[in-house]
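Take a look at the structure below.
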Amino acid sequence: MTRLKEISTHLRFFVWALLLSAATTVSAQSSDGTSVVYSRAADRLFARGMGRYENAEFAKARDSFQELSNMRANQRTSAGLLMLSRTQVELEEYDLALESARRVEREYQSSRYTADARLLAGDCYYFMRRYYEAASQYGRILAIPAPLALQASAAERLAGIVKNGSITADALDLIRPQVGEDRLRDALLFGEARWYRRLGWEQQARASARTYLAELPDGIFASLAARSLHEAEVIAARATSPKTRARSYTPEGRELIPSSIQKLPTGPVLSNGWKPRLGVLLPLSGPDGHYGQELLAGIRLANDEAGFPFDLVEADLGREYPWIEGNTGREQVHIDQSEGSKLLRTVQAARYLVEEQDVIALIGPLFSTACVAAAAVAEEAGVPLIAPLTQQSGLDSLGQFIFQLNIVPGVQGKALAEYTTLVLGLETLAVLAPLTDYGWKFWLAFADAVEDNGGTVVHSDWYVPGETRDFKNQFQAMRQAGFGLMRLTDPAATPAIFDSLSLVVLDTSPESEGTFYELLEAGVEVSPEERPDSTQIFIDTIDGIAVVVESFEDAKRIAAQLRFHRLQTQVIGNDIWYEPD
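Residue numbers (my numbering): -14 to 566.
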């Protein structure tokens, strides 16, 4: 079995370790804001671990780095975690090595070793034969600002995986958006040359380097490619026109690495430690990446507490924004994607997990439309799909293998209505709901249940979630409904008197309000000059307002404006109103 130490020379490890140990401080800051302290003991422990590592005493080195990782955050913590992961790879403890590398990414995001940790995580996935996850890690390194040497290593590994067919074309299409078409082509061309040189095939390596410079003379890795050639070769390659030069392909015209060349090592066979696999379909990058990462952390915690009964195989449904050179330096560009593109990516990822990774079940996706697409794939394959958060009604009707954990809007609406009428005893109610499928089904079930329990929905109104900012029209309509209920509670009041409530005057003092009601009780018409400002009158004839939201941002916005419009009522809402923070 070919291992990582057989790929990298002892000299490279020595230089890399020397650079780590030479640093006096590490730009590491815990993601929770914990300050990093300077510790001489940490320096001594790190040096001891590095010495043991260089002497191939990997078990003892692991113990040193493990002890270092248990100390309070210090100048050696992130470097120590990275070396702990390296040591665990040498000991073939790939699960533990992966977790150590991911800790650097999670807990020390500002560390200089974050990109190194991502490369090492990719190596761990590779040795575990989880080729898509490995390729995804290498692709992310190519998509973010990282040292050129590190990106070259990622390109070499990614090229080896792709050209040897370790992942399918569909799986590569999932990685393509996060890297970018041009950058991916750049990486695969250069990575091919690097991999030839790694295998000792110097002639093919030089030919591939010349091809790279001919096709991409200004490519990302052009300086590295030129360094591997003689000056005359570089000049000749760059002078070659890409339109007239023909590349040498195999008869099939697809495989760029000849079949006689040694394939990329496939890592250890984990037959003795085989575990069933769970597929995780979540957005782990892009604008929704933080939601997916939080849910993934919960899945990992549950798996950990249960004693690691499953291997988790992740498929990223999100995307990372591309980087461009802007006026203020490198900046990310936010590019909207169509629903069709998102659904296509979901179907491809679900098929990959089911057909190539042999997962026994799928967890995810987060959102309703993606869940419908994934559910169709899972049902066809006979693989259970657990939808943790989607509120799409009828999702479980797609088949017997679909399980929905979240309560659907119809059930939520009925439950809220029963609590409102039977427990709180409210009778006259208004509803403000989002103009979506979720809002409509919630409102329908809520209104039906209120009527069944003897209550009345006196007014219903709608808004566009995330876009409606001013709820003045909705709340004014509710006030008018409240005035209408005042007519019912006071039969002696004439319509003309209540119509006058819509006029606005300057006198809005509490005394004038009291006088106005006294005049109403006496049945006396009020002159325009004496009429109070109706917008200052609190409406208390509506017992409760059910405010249905799909995001907590809408909840905060609505709550502030409701009080401003002087609706003296009980506010009730769906479960999204609960926000611990």
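The C-beta atom is built at its ideal place from N, Cα and C for all residues, glycine as well.
(1) Since residue 609 sits in a beta bridge, which residues does DSSP pair it with?
(2) So residue 359 and residue 370 are supposed to be a Cβ contact under 8 Å. How far apart are they, rounded?
(3) Please say whether residue 424 and residue 430 have beta carbons closer to each other than 7 Å?
(4) For residue 262, does the three-state DSSP call read helix, strand or coil?
(5) Under 8 Å by Cβ, that's how I've got residue 22 and residue 61 pegged, so tell me the actual separation to the nearest angstrom.
(6) Kindly list the residues whose CB is nearer than 8 Å to the CB of residue 412, restricted to its own chain and excluding five residues on each side of it in sequence; keep chain order.
(7) Going by Cα to Cα distance, which pick from 188, 203 and 93 is closest to residue 167?
(8) Using the C-alpha atoms, what's the distance from residue 110 back to residue 64?
(9) In the DSSP assignment, the beta strand (DSSP E) including residue 585 goes from what residue to what residue?
(10) From which residue to which residue does the alpha helix (DSSP H) around residue 410 run?
(11) Is the region 196 to 210 touching the region 170 to 186 in the sense that three or more CB pairs, one from each, lie closer than 8 Å?
(12) Cα separation between residue 395 and residue 559?
(13) Could you compute how far the alpha carbon of residue 300 sits from the alpha carbon of residue 434?
(14) According to DSSP, residue 123 sits in a beta bridge with which residue or residues?
(15) DSSP beta-bridge partners for residue 448?
(16) Between the C-alpha atoms of residue 390 and residue 281, what's the straight-line distance to the nearest angstrom?
(17) How many angstroms separate the CA atom of residue 73 from the CA atom of residue 81?
(18) Residue 446 to residue 459, Cα distance in whole Å?
(19) For residue 124 and residue 197, what's the separation of their Cα atoms in angstroms?
(20) If you draw a straight line from the C-alpha of residue 31 to the C-alpha of residue 98, how long is it?
(21) Taking DSSP as the reference, what is the three-state secondary structure of residue 533?
(22) What is the DSSP secondary structure of residue 346, counted as helix, strand or coil?
(23) Distance check for residue 414 and residue 286, CA to CA, integer angstroms please.
(24) Who are residue 150's beta bridge partners in DSSP?
(25) Quick check on the burial criterion: 16 or more other C-beta atoms within 10 angstroms. Buried or exposed for residue 141?
(26) What separation, rounded to the nearest whole angstrom, lies between the Cα atoms of residue 189 and residue 156?
In short:
(1) Any question about residue 609 goes unanswered here, given that the chain covers just -14 to 566.
(2) 6 Å
(3) Not in contact: residue 430 and residue 424 (Cβ atoms no closer than 7 Å).
(4) strand
(5) The pair is not a contact, with the Cβ atoms about 11 Å apart (cut-off 8 Å).
(6) Closer than 8 Å at the Cβ level, and outside the excluded window around residue 412, lie 406, 439, 440, 441 and 528.
(7) 203
(8) One C-alpha to the other measures close to 20 Å.
(9) Residue 585 falls outside the range modelled here, since the chain spans only -14 to 566, and no answer is possible.
(10) First-last for residue 410: undefined, no H or E at that position.
(11) yes
(12) 11 Å
(13) 41 Å
(14) None, per the DSSP bridge assignment.
(15) 419
(16) Residue 281 has its alpha-carbon roughly 16 Å from the corresponding atom of residue 390.
(17) 7 Å
(18) 6 Å
(19) 19 Å
(20) 15 Å
(21) coil
(22) strand
(23) 43 Å
(24) DSSP, once it has assigned bridges, lists no residue as partnering residue 150.
(25) buried
(26) 27 Å
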